[in-house]
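Counted from 1, the sequence shown has number 286 at position 250 by the working numbering; the numbering is strictly sequential.
Note that the Cβ used here is the ideal one computed from N, Cα and C, for glycine as well.
First comes the structure, then the notes that go with it.
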Amino acid sequence: HIKTPFSTAFAYGSGVFKQSAAIGTNKMIDYLVVVKEEDKLTEWHKDNWRFNPRDYPLIGKLALYKTRIFDEAVYYVPNVTLSDDKRIKYGVIGWETLIRDLFTWDTMFLAGRLQKPTIRYDLDHESNSLVLTEAMEFNFNSALFTSVLLNPCDDFIQILKGIVSLSYTNDPRLTLAESPHKIDNIVMGQLNELEALYLERYENLKIKYSGFKDPSVRHQIINNLPLTFKSELLLDSPSLWHLALTDGHENRRLLRAALGRIVRRSAWKQMILGAISTPFDKSTAYVFDKVKKRFSNKA
């Protein structure tokens, strides 16, 4: 379907990895398409538009001319039916925005998706792949650090649920149009893949730090968190050391509040962009499918 060149792509979601309550065989496959030359995103969309004109409604075409409100946002096209009747949704983002979000959690929109299992396709030079691998490693470790701070226990399943839930913190879409069991369904359905990503990291973290309740240990972990997340934490706490000294419910409240502010900002931006960049018939079907999950056990 996508004939315009890109550097990397990720396949993710329930169409690729099962979820414990998911049913049906014709699930939509989600892709994230990464364009190397960020300053040429508009040209990329124009080329793709020529190949796939039905993917771009009139107002969506206008949105392609970059404006500040859509900086760092993903342009998504849902419910694309291929010749073999498979359905895909693809989002397009620039390389620099992806790498920045993995390292800083500026929006958590990209970092949050890549904290969960994906299939990665590298089509560009090896050096770019190495940079991406380093950024993804940092993102995986940051997700684990944050979950350990939010779930100070030895229950690895709870740690995984904490990791999966990070990108949904204060996300209005989880409340409006997703299954209330989404987190549990992802973890239990993708347990093997999540263990492959995080079990060794978690075991090494426990060896390095004998206990996560020690303030000095928490301070080291907090100090290694992404920059934007730390900046948000400092809005409610006089210092990172003070946050490390604050144990229990108050500490977790501050962490969730900071994370929630980041997620909420990007979620609303994505909802606005999605509303104007998706053909009406596709958006209606997509939203109906999401709302239906809200009142069922599907994830």
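- About 7 Å separates the CB atoms of F42 and L159; that is less than 8 Å, so the two are in contact.
- Residues L138, A147, L150 and Q151 of the same chain have their beta carbon placed closer than 7 Å to that of N175, with the five preceding and five following residues left out of the count.
- When only Cα atoms are considered, V128 and L68 end up about 6 Å apart.
- Between I298 and T143 the beta-carbon gap is near 7 Å, inside 8 Å, which marks them as a contact.
- Residue environment for I257: buried (at least 16 other C-beta atoms within 10 angstroms of its C-beta).
- The DSSP-derived three-state label of K82 is helix.
- When the Cα atoms are used, V253 and N206 turn out to be separated by approximately 27 Å.
- The C-beta distance from N88 to H37 rounds to 7 Å, short enough to meet the 8 Å contact threshold.
- Non-local C-beta neighbours of N259 in its own chain, meaning closer than 7 Å and more than five positions away in sequence, comprise L276, ordered along the chain.
- In the same chain as T40, and ignoring 5 residues on each side of it, the C-beta atoms closer than 6 Å to its own belong to W80, D83 and N84, in chain order.
- In this chain, the beta strand (DSSP E) harbouring N115 covers Y111 to T117.
- Note on A232: under 16 other CB atoms within 10 angstroms of its CB, so exposed under the neighbour-count rule.
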